[in-house]
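Down below is the structure, laid out as structure tokens.
Protein chains: 2
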Amino acid sequence: MTAPYFAEVAALMGDPARANILAALMDGRAQTAKELAFVAGVSAPTTSGHLAKLVAGHLLAVEVQGRHRYYRLADPLVAAALEGVMALAAHGPRRHRPHAPGDAELRHARTCYDHLAGEVGVDLLSGLLGRGHLAPGPRDYRVTSAGAALLAEIGVDLAQAARQRRGFARPCLDWSERRPHLAGALGAALTARFFEKGYLARRRDTRAVTITPAGRRMFRERFGIDA
Amino acid sequence: MTAPYFAEVAALMGDPARANILAALMDGRAQTAKELAFVAGVSAPTTSGHLAKLVAGHLLAVEVQGRHRYYRLADPLVAAALEGVMALAAHGPRRHRPHAPGDAELRHARTCYDHLAGEVGVDLLSGLLGRGHLAPGPRDYRVTSAGAALLAEIGVDLAQAARQRRGFARPCLDWSERRPHLAGALGAALTARFFEKGYLARRRDTRAVTITPAGRRMFRERFGIDA
DNA sequence: ACGAGACTTCGGCCGCCGCCGAACCGATCG
DNA sequence: CGATCGGTTCGGCGGCGGCCGAAGTCTCGT
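Sequence order for the protein chains is A and B. First residue of the first sequence? That's 5 in my numbering, and the numbers climb one at a time after it. First residue of the second sequence? That's 5 in my numbering, and the numbers climb one at a time after it.
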């Protein structure tokens, strides 16, 4: 009856070019219109139109810097909604897609907006819980004293993460593993630290991340997981 | 580049008529093609086409019963994905929509697929947690011995709920409250019991549910919440 | 066996929207 | 200042897809 509301949002996600753009921005980094035109596979004018629509629909935010315009996801909620739809798409009996190249890497380790996802991300969260560094709470996970010590060693500023306006330590359903990984301010801070210390390395044009040898060692020693 | 996958799913959700259909099925009940044609606001042939697409896309499942065809959501994951998109739509700076009639009722108490959502659903979960009937766990909530006693009094068969293939007791982000309510087999079993015992009553043509006087009393006594 | 009802298939219409090339605006750099 | 580059706006084209009415299939009731 009353035109359901979410249809507009879903329609925005439903165009192939726009979906490519959104997928490219799922790693939380901002990108210029030109870069996005490339990933979208359409011309610059067409891309511009799509971007305008996505901004109008509050899926993207734009930041002007000189003659560049950087687009990024407007809100972690957008990433969450996209992951939900992806989970659905991934789950549906495989549509004629043996698996795309790079798919294995993506399933193994990738960024989800600004935190770590994929097999490694899921293992990380269950490792933290299993070793008693994190304890489940009613809404957010709670950092135990053992966990606080561990995170301090790694150099994560817990106080700052707790101050953020976003949720502190939330589960986020992983579309490939169908089990949660660690999201929220803590997930983001931890992941950022992994990049800073060279445990993880971004790759060009993909959300998949490389785990460096140092990272592999660290994951085993600190969290007891085989990355 | 590689056509992103989830675009097809999002596009299925993005048509107004189909969105109406999906929204109508969000309460977990199955409905006939004719009923759905009505809620979709389009003719029977058009509806038939939409339904076929939704089934092909694995968003809906169909069950033939005599000369009727009952359509329902194919999987709880579909409901979860839809809630995610709804959360996004509800959150985006209110689009020229002061609030639709019935909106208040919907926010207060409604079914989300097959479990209770809205203000009451969220309060129910936090009540269960606060009173120590449910304890957070790594994936599912755990029923404490006190909780098991309470649920037995109400007549919920815990063993049967635990046997189900779906998750046992999961949080589900509530789009109107933006806090989790209780989903999974336990959420469904509890909600079903509420309907059986006449604590809740369904209404026609809406996911909003009525809380009966007996239900109001029960919610206060058993769970300490003002419904 | 017949008619009614539920649902789908078919055929054709129409409008929306995605697409591009060309032109336009503004910032940067020589 | 002109040249270049990033980005958007404009105008026009083309096709996908949603829509309906009519006709077809199947099931049930009687």
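All C-beta atoms in this analysis are idealised placements derived from N, C-alpha and C, irrespective of residue type, glycine included. Keep in mind that this is a model prediction, so the values were computed, not measured.
| query | result |
| --- | --- |
| Straight-line Cα distance separating residue 30 of chain B from residue 195 of chain B | 15 Å |
| Inter-residue spacing [alpha-carbon to alpha-carbon] between residue 226 of chain A and residue 127 of chain B | 38 Å |
| Residue-chain proximity (residue 118 of chain B, chain A), Cβ-Cβ < 8 Å | no |
| Cα-Cα separation, residue 161 of chain B to residue 72 of chain B | 32 Å |
| Whole beta strand (DSSP E) elements within the stretch 126-168 of chain A, 3-residue minimum | none |
| Option nearest residue 191 of chain B by Cα separation, candidates B:92, B:202 and B:168 | B:168 |
| Residues, ordered as in the chain, of the stretch 17-40 of chain B that lie near chain A by beta-carbon distance below 7 Å | 17, 18, 19, 20, 23, 24 and 27 |
| Counterpart residues of residue 119 of chain A in DSSP-defined beta bridges | A:116 |
| At least three beta-carbon pairs within less than 8 Å, the stretch 13-20 of chain A to the stretch 58-74 of chain A | yes |
| CB contact below 8 Å: residue 136 of chain A versus chain B | no |
| Chain A residues whose Cβ lies nearer than 8 Å to that of residue 91 of chain B | 81, 84 and 85 |
| Status (buried if at least 16 other CB within 10 Å, exposed otherwise) for residue 80 of chain A | buried |
| For residue 210 of chain B, the first and last residue of its enclosing beta strand (DSSP E) | 210-215 |
| Cβ of residue 102 of chain A within 8 Å of any chain B Cβ | Caution applies to residue 102 of chain A, whose pLDDT of 47 falls short of 50 and renders its modelled position unreliable; the model cannot decide the point. |
| Own chain residues within Cβ distance below 8 Å of residue 229 of chain A, not counting five before or after | 124, 127, 128, 131 and 223 |
| For residue 201 of chain B and residue 175 of chain B, the rounded distance between their alpha carbons | 24 Å |
| Nearest candidate by alpha-carbon position, reference residue 10 of chain A, set B:88, B:165 and B:75 | B:88 |
| Close-in-space but distant-in-sequence residues of the same chain around residue 45 of chain B (CB under 7 Å, 5 per side omitted) | 21 and 24 |
| Interface flag, residue 11 of chain A vs chain B, CB-CB below 8 Å | yes |
| C-alpha gap between residue 213 of chain B and residue 148 of chain A, whole angstroms | 40 Å |
| Spatially closest choice to residue 53 of chain B from B:203, B:122, B:37 and B:145, by CA coordinates | B:37 |
| Residue interval of the beta strand (DSSP E) (run including residue 2 of chain A) | No answer is possible for residue 2 of chain A: the residues shown for chain A start at 5 and end at 231. |
| Beta-carbon proximity list for residue 178 of chain B, same chain, < 6 Å, skipping 5 on both sides | 121, 126 and 185 |
| Reference residue 26 of chain B; option with closest CA among B:77, B:67 and B:150 | B:77 |
| Sequence-distant residues of the same chain with beta carbon closer than 7 Å to residue 197 of chain A, five excluded per side | 158, 159 and 160 |
| Residue 46 of chain B - DSSP class collapsed to helix/strand/coil | coil |
| Assigned exposure category for residue 115 of chain A - 16 Cβ within 10 Å defines buried | buried |
| Simplified DSSP state of residue 100 of chain B, which is helix, strand or coil | Residue placement at residue 100 of chain B is flagged as unreliable, the pLDDT there being 46, under the threshold of 50; a coordinate-derived value is accordingly withheld. |
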